[in-house]
Structure formats: C-alpha cells, structure tokens
Amino acid sequence: MRPGATARLAGAGMGLDLPLILKEAGLTALVVFALALPLFGFRTVDSAGGLDVAYRFDWVAAAVAVAFVGRALLVAMRTLGGAQRARPGEGLLARAGRAFYRHTTWIGAAAVAFAVLLPLLPFADRYVIDIASYFLIYVMLGWGLNVVVGLAGLLDLGYVAFYAVGAYSYALASLHLGLSFWWSLPLAGALAAGFGILLGFPVLRLRGDYLAIVTLGFGEIIRIILVNWYSFTNGPNGISGIARPSFFGLAFSRSPGPGEVAFHEFFGLDYAPVHRIAFLYYLILGLALVTNLFTLRIRRLPVGRAWEALREDEIACRSLGLNPTNIKLSAFAIGAMFAGFAGSFFATRQGFISPESFTFIESALILSIVVLGGMGSQIGVVIAAFAIVVLPEWFREFQQYRMLVFGAAMVMIMVWRPRGLIAHRDPTVRLHAGGEAGR
Amino acid sequence: MMALPDAAGEALLEVEHLTMRFGGLVAVNELSFVARRREITAIIGPNGAGKTTVFNCLTGFYTPTVGRLALRHPRRTYFLERMDDFRIAQFAGVARTFQNIRLFPRMSVLENLIVAQHNTLMAASLFSVAGLFGLARYRHAERAAIERARYWLEKTGLTPFADDDAGSLPYGLQRRLEIVRAMCIEPVLLCLDEPAAGLNPRESAELNRLLLAIRAEHGIGVLLIEHDMSVVMGISDHIVVLDHGSLIADGTPDEVRSDPKVIRAYLGEEEDELPGDVAADFGRNHGEGQA
Numbered sequence: 001m002r003p004g005a006t007a008r009l010a011g012a013g014m015g016l017d018l019p020l021i022l023k024e025a026g027l028t029a030l031v032v033f034a035l036a037l038p039l040f041g042f043r044t045v046d047s048a049g050g051l052d053v054a055y056r057f058d059w060v061a062a063a064v065a066v067a068f069v070g071r072a073l074l075v076a077m078r079t080l081g082g083a084q085r086a087r088p089g090e091g092l093l094a095r096a097g098r099a100f101y102r103h104t105t106w107i108g109a110a111a112v113a114f115a116v117l118l119p120l121l122p123f124a125d126r127y128v129i130d131i132a133s134y135f136l137i138y139v140m141l142g143w144g145l146n147v148v149v150g151l152a153g154l155l156d157l158g159y160v161a162f163y164a165v166g167a168y169s170y171a172l173a174s175l176h177l178g179l180s181f182w183w184s185l186p187l188a189g190a191l192a193a194g195f196g197i198l199l200g201f202p203v204l205r206l207r208g209d210y211l212a213i214v215t216l217g218f219g220e221i222i223r224i225i226l227v228n229w230y231s232f233t234n235g236p237n238g239i240s241g242i243a244r245p246s247f248f249g250l251a252f253s254r255s256p257g258p259g260e261v262a263f264h265e266f267f268g269l270d271y272a273p274v275h276r277i278a279f280l281y282y283l284i285l286g287l288a289l290v291t292n293l294f295t296l297r298i299r300r301l302p303v304g305r306a307w308e309a310l311r312e313d314e315i316a317c318r319s320l321g322l323n324p325t326n327i328k329l330s331a332f333a334i335g336a337m338f339a340g341f342a343g344s345f346f347a348t349r350q351g352f353i354s355p356e357s358f359t360f361i362e363s364a365l366i367l368s369i370v371v372l373g374g375m376g377s378q379i380g381v382v383i384a385a386f387a388i389v390v391l392p393e394w395f396r397e398f399q400q401y402r403m404l405v406f407g408a409a410m411v412m413i414m415v416w417r418p419r420g421l422i423a424h425r426d427p428t429v430r431l432h433a434g435g436e437a438g439r
Numbered sequence: 440m441m442a443l444p445d446a447a448g449e450a451l452l453e454v455e456h457l458t459m460r461f462g463g464l465v466a467v468n469e470l471s472f473v474a475r476r477r478e479i480t481a482i483i484g485p486n487g488a489g490k491t492t493v494f495n496c497l498t499g500f501y502t503p504t505v506g507r508l509a510l511r512h513p514r515r516t517y518f519l520e521r522m523d524d525f526r527i528a529q530f531a532g533v534a535r536t537f538q539n540i541r542l543f544p545r546m547s548v549l550e551n552l553i554v555a556q557h558n559t560l561m562a563a564s565l566f567s568v569a570g571l572f573g574l575a576r577y578r579h580a581e582r583a584a585i586e587r588a589r590y591w592l593e594k595t596g597l598t599p600f601a602d603d604d605a606g607s608l609p610y611g612l613q614r615r616l617e618i619v620r621a622m623c624i625e626p627v628l629l630c631l632d633e634p635a636a637g638l639n640p641r642e643s644a645e646l647n648r649l650l651l652a653i654r655a656e657h658g659i660g661v662l663l664i665e666h667d668m669s670v671v672m673g674i675s676d677h678i679v680v681l682d683h684g685s686l687i688a689d690g691t692p693d694e695v696r697s698d699p700k701v702i703r704a705y706l707g708e709e710e711d712e713l714p715g716d717v718a719a720d721f722g723r724n725h726g727e728g729q730a
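So the sequence lines, in the order shown, correspond to chains A and B. If you're matching positions, the first sequence starts at 1 in our numbering and goes up one per residue. If you're matching positions, the second sequence starts at 440 in our numbering and goes up one per residue.
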C-alpha cells in the first residue's frame, strides 16, 4: 500500500491529497481500534464479590484519536517533505553518519580517555562505576561475538555458553585449586576456546539458520549441565564466595587476613569500598581494550581477512585454497576465548554465580548488541551496548514502560538503519593512500 | 611464478574415463581428454552437456564416480579425484572462476586479491602470531602480496577501483576481477566457467586479450567453458565438445567447426536422416534415451 501511495503523492507534487490522507489515517485508526479495544477497553478489578470487569472506552477513543491525527500528520508531512528532499540518501542521518566515519579514530580515542577518567569524575559514585563496568562486560562480549558473527558470519545463538564456561572455570579453579584470578584468567580463556572448537567441529558443515539452531542448543546444553551436575557445579544453588581479585597481591578488604597487605594500607589511604569497585572497573576496561586491539589487529591479518571472505562466500574461499575448517574453528575459538575472559571477570565481580546468569536471553542480548551496532563494527558495538544495557538501567523509574520504549527504539533503528547503526566498513588495506581513516 | 619456458605443449591435465552419476542421471560419461601447458583448451557443448560438472570434478567440488584426473607437475603428479577442494587449489594449483560470479562483494577489490594469497601470507605470518606483533617478516610478505595484486590490477585496468567494494563494480569488471583473483593463487591450470557470459563485444575482446596474455606470459594451461563462439574460436588452441555428458569431438577449432557430429549436436538432428520407425521411437527425446 505504501509505495503506491508515495508514488501518487509524488505525482501530486506539493498539493495535499486530502482523500488519501483521510483514507490512510482512517485505516490506521481502524487497526488501533481493533487492538485497543481488548487491550485498553476492558480491565479486571478486584471487588468485594471477586473479580469485576471495568470499562475504559475513553482510553480506546483517545488511542484511536491519537493514531488518526498522528497518521494524518505523518502522511501530510511526507507529501510536503517529499518535494524538497529529492535525494533520499541525503538525510540528516546519512550526513551525520559520514561525519562520524571520518572521525572514527578521534571519537574512539575520546571515548577511551573518558572511560579512563570516569572514576575520577565528580559525579562518578559507586552506582555509576558499577553500571559502567556492567556495561563494559557487554561491550567486551559484543566485541568477542563480533568476531564470530560480524567478521566470520557464523550466526551463534549460544555465545553465553562460553561466558558460562569462563565464569565457572574461574569459580571452580579458585575454590578447589586455590588459583588466583590472574592465573585463572588464561585458564578460563583456554577452556572457553576449547569449548569453542568442540562446538565448532559438529557445525562445520552448517550455515545460517541451521547453525543458529545448533548453537542455540549448545548454549542450553551447557546451562542444563551446570544445573544438573550437582556434585561439580553445585547445581542451581550456584557457587558463592568466589575469591576477589587482588591488586598485585594487595587485597581490597578493610581487615586483610594474616600475611596479607590491604590496598589502602599499602598506599596509606583510608579504606573505601569504592577502591575495589574502581579497580574492577579498570580491570574490565583493560580486558575490553585488549579485546578491541586484538580484533582490530587481526582484521588486518590473513586470518581476519579469511574470516570476512568466509562470511562473503564460502565456495569462493574453497576455490582459492582457503581451508574452511581452520577458518571457522579459529573464529569460534577466538570469539569463545574473549567470552571466557569476560566470564571470569563476571565471576570475580559478582562473587557468586549460578546457571541463572547464563540463560538464552543473555545470548540474545549480546547478539542484538552486535546486530544493532552494525555487524563487524567495533564502535557500533559500544553504542549499541550503551543503548541496550545502560539506557534501560537509567530509565528504571519508568518501570514496565521502559521495555516498551526499548522495543520501540529497536524497531525504529531497524527501520532507519536496517544494517545496524554503523554499517560502514573500511578496507583493511588500501592501494591508494589518502582515503578516509588512515591505517 | 610457475612458468616453465620449455614446457610448451606438454600434457598438463589428463582426464581418463571421467564419469559422474547423480543417482540414475549420468552427467558425464566416460570422458577422456588432455589439456596441455601453454594452451587454451575450450570445453563446449549445448546446455546441460555436463561442462560445469567436469569443472566441479576437477576442482574437487564433486567426487567423480569413476575416473582419473591426473595433473602433471614437473616433479610430481596430483590425482585430483582424491583431493579436497581447497587442497586442489592450494597444492595442485588449480584455480577456477564461477558461472555466476563469486567475489567477496563487501570487501575491496584489493582485499579480494590479497585473500587469494592467503596461504602464502599465512605461512609468512606464522599463522598470524608474527603478524599480531608486527614482525618485519610478515610486513615484507604483505607488501609482496600487494605488489602482486597491483600487477594484476594494472593488467586489467582495475587500479582506479582498487579500494572500492568488489560488489560495486560493473559486471564486466567483476568478471575480470574474478579471473585475476584466481591468477593470484599462482595456478598451473586456470579453469574459467563462461567468462564471457553477459559481456558486450568490446568487453569480450578485452577478455580474449587478457587470456592470451595469461597463456603467453605465465605459461599455464587454461580450461575454458564458453558459449560465445567469438571467444572460443578466436583464442582456443584445442576444443573438446560434449553432448549429453559424452565426448563427441576433440581437436583444433577448424576440425571441430566442420565436424558433422558437432553441427548435429548444436543444430539438432534432421529427422529424415533416421529410419522412420527409429525416429518415431525416439522422437524429440532421443537424448534422454542415450543418457
């Protein structure tokens, strides 16, 4: 209906086609009426005799009126605006986007500087730093999954499994083997990468939807094992009392144990719990930046280019002598490794983990960060993680409406920028110097 | 380069009794021919004759039901029917292009050519470890890869487009890019599946020049599937004609052009050449009877 309508509007030029506007607005109002009548119109209320039905037809009328006027205005605006905006690609968004791409390096540097200074800023209280490190976990997970989904084009719906492997390997290693965080970190990464390869083998021949279903299953298998292997993982009760990381052997506690030196004593500060929070923040910031630098670097290496080539056309890759098995497994392993690092950070930050933290919704959240940000874009992941993780946290006061707004925002982004916020891709190597964004 | 100046005319690929069955359908039947170094061998035939199936067998995308595909290198022989597709490209040095172009559309033209040199670069970067730390060894290898890419870009007039997305190129340039991408793996045998499809006369003349230059300067064998007779007759040294999966003619362009079996396969059988009852039995479906 819409393309035909716009064509007719364009033909009418500047004039307002009143019957068309009324028709479109009327149709919209009809749809809203059909939806609003059951949703708004009837309501159950507690009364003395049990449940009673109350009516809110005034709400229905208001919704229909808003939809009618809104749609009419929208169509009218499109008629008037269509004449002026001859080139559709030259919208404000497109121009802002180009300016953004030209200065990506500076924007990235400014963001890193801001992130480094954040705990020192006056408004940064415990809550802000806590949210920021929560946000950075998702940024790191997004960057890790970006290797698998954005670069290699392998749709992975079970990414949270590797996050869980990392978290549990640190928790169990610190509990049973007494390993410190810094020793467990490579162990967690290696174990997660191992699981990445383990998942990679059976799905080598799958692509697209089939791959997504198998990875989804893999994520659930890991979670169900965590729930049911009671003797090893303590089942649904989870693992508590996970060791906190230390600052080069300095503990973050008011009264350190025998033979330990506390951070505040060593530096002659007063004890403040925010030290530990800030330390955790810098820890995840460092891990996330390592992930980012690694990914940026590896994109320019043969492996990274092979990942992107595999995403573009697997058959062409084979015909050029690229071994698809190695390429896929390396993508799964490296993506999983970063999830493992993030997982062990998560365990040490929370001090408690249970299978509850590793449900499918987490995978979906991370995947939506990658897709929304623009597949393969590093800075897009940061923006999308901010939109998906931080904004709902800020708008917590709005209670149930925040999810409604969140959904609406997702829909709008997909309408305006169907390939993600940052769909731009810079070549990893240039023949002609002087292109935008240097090497 | 694998150029062998004194090896002209020597057998490069020997196809013996190649048969490919898909269930009850015989796509290629007992096909034998030889392709030589420094020669352009064209495989022609009506639609559905099994030409692309031969390519898919040669490049490992299919495993032949029966047959031997021997690729003669100076020091050893590769039996392609036993190898994985990517190993055929990597070790035996058989490169191919596709009927429907298969570039990496959202990567730049230059990146397309660099990806083709993956195995060389991978070894130079010690499986990326050296590359990760920016060692000189990898930087040199990458520069060499870019130089090779530049050579091919200049040869095909693609240099101004080097940093554009491959998918944004015009169709004719995409075809050319696919061919030079295949050349970047330094093949000994280049298999082109309908490289002139969809090209205008000027573009196919340029294609002819490119293929002749590849044959002359790189001393490799070229296998060519093509319907465009101006390309086939203009540049082939040797033509193999297939019909319904079987070899019906094998010779120089002049021999093939005048071969009555080839004319019959292309123009159809005249009914009065057959006895009446046979013609009635086979009717217009005589081909399916043979298969």
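All C-beta atoms in this analysis are idealised placements derived from N, C-alpha and C, irrespective of residue type, glycine included. All of these numbers come straight from a predicted model, not from anything done at the bench.
- Around the beta carbon of Trp106/A, fewer than 16 other beta carbons lie within 10 angstroms, which makes this residue exposed.
- The beta carbon of Ala272/A sits closer than 8 Å to the beta carbons of His264 from its chain, once the five residues preceding and following it are set aside; these are given in chain order.
- The beta carbon of Val261/A lies closer than 8 Å to those of Gly249, Leu250 and Ala251 in the same chain, with the five residues before and after it left out.
- Annotation for Asp52/A: the continuous beta strand (DSSP E) segment containing it runs Gly50 to Tyr55.
- Gly673/B is the residue among Gly660/B, Met668/B and Gly673/B whose C-alpha sits nearest the C-alpha of Arg648/B.
- At a cut-off of 9 Å, the C-beta of Thr498/B has a neighbouring C-beta in chain A.
- Taking 9 Å as the cut-off, the Cβ atoms of Glu665/B and Ala481/B count as close.
- Between Gly26/A and Phe57/A, the C-beta gap is not smaller than 9 Å, which leaves the two residues out of contact.
- Glu356/A has a beta carbon lying at 9 Å or more from every beta carbon in chain B.
- Linking Arg535/B to Ala636/B through their CA atoms gives a straight-line distance of about 15 Å.
- Proximity to Asp130/A across Val274/A, Leu35/A and Leu211/A peaks at Val274/A, based on C-alpha coordinates.
- Put simply, of Ala385/A, His424/A and Pro324/A the residue whose alpha carbon is nearest the alpha carbon of Leu154/A is Pro324/A.
- Against chain A, the CB of His557/B has a partner CB under 9 Å away; the residue lies at that interface.
- For Val680/B, the enclosing beta strand (DSSP E) covers residues His677 to Asp682.
- Counting only Cβ-Cβ distances below 8 Å, Pro324/A has contacts in chain B at Phe525, in chain order.
- Legend: CB atoms of the segment 403-433 of chain A lying less than 8 Å from CB atoms of chain B belong to residues Arg425, Pro427, Thr428, Val429, Arg430, Leu431 and His432.
- A Cβ of chain B is located within less than 9 Å of the beta carbon of Val303/A.
- Considered as a whole, the segment 191-242 of chain A harbours 208-228 and 230-233 as its complete alpha helix (DSSP H) runs of no fewer than 4 residues, in chain order.
- With respect to the C-alpha of Gly462/B, the residue from Thr516/B, Pro503/B, Cys630/B and Lys490/B having the closest C-alpha is Pro503/B.
- Per DSSP, the unbroken alpha helix (DSSP H) holding His579/B starts and ends at Ala575 to Thr595.
- Listed along chain B are Phe537, Arg541, Leu542 and Phe543, each with a C-beta nearer than 8 Å to that of Ala316/A.
- Burial of Gly158/A is indicated by the presence of at least 16 other C-beta atoms within 10 angstroms of its C-beta.
- Gly189/A places its beta carbon 9 Å or farther from that of Phe346/A.
- Here the segment 344-364 of chain A makes contact with the segment 224-240 of chain A; the two share three or more CB pairs at distances below 8 Å.
- Apart from the 5 residues on each side of it in sequence, Gly376/A sits with its Cβ closer than 7 Å to the Cβ of Asn146, Gly150, Leu151 and Arg425 in its chain, given in chain order.
- Using a Cβ-Cβ distance cut-off of 8 Å, the segment 492-502 of chain B and the segment 694-701 of chain B are not in contact, since fewer than three pairs of beta carbons, one from each stretch, lie closer than that value.
- Runs of the beta strand (DSSP E) lying entirely within the segment 364-425 of chain A, each at least 3 residues long, are absent.
- Taking a beta-carbon distance threshold of 9 Å, Leu612/B does not count as an interface residue toward chain A.
- For Ala528/B, the C-beta contacts it makes with chain A under 9 Å involve Arg318, Ser319, Leu320, Gly321 and Leu322, in order along the chain.
- If you look at Thr480/B, you'll find it in the beta strand (DSSP E) that goes Ile479 to Ile483.
- Among the CB atoms of chain A, none fall inside 9 Å of the CB of Thr491/B.
- Trp143/A is classed as buried because its beta carbon has at least 16 other beta carbons within 10 Å across all chains shown.
- The C-alpha of Ala509/B is placed about 51 Å away from the C-alpha of Ile369/A.
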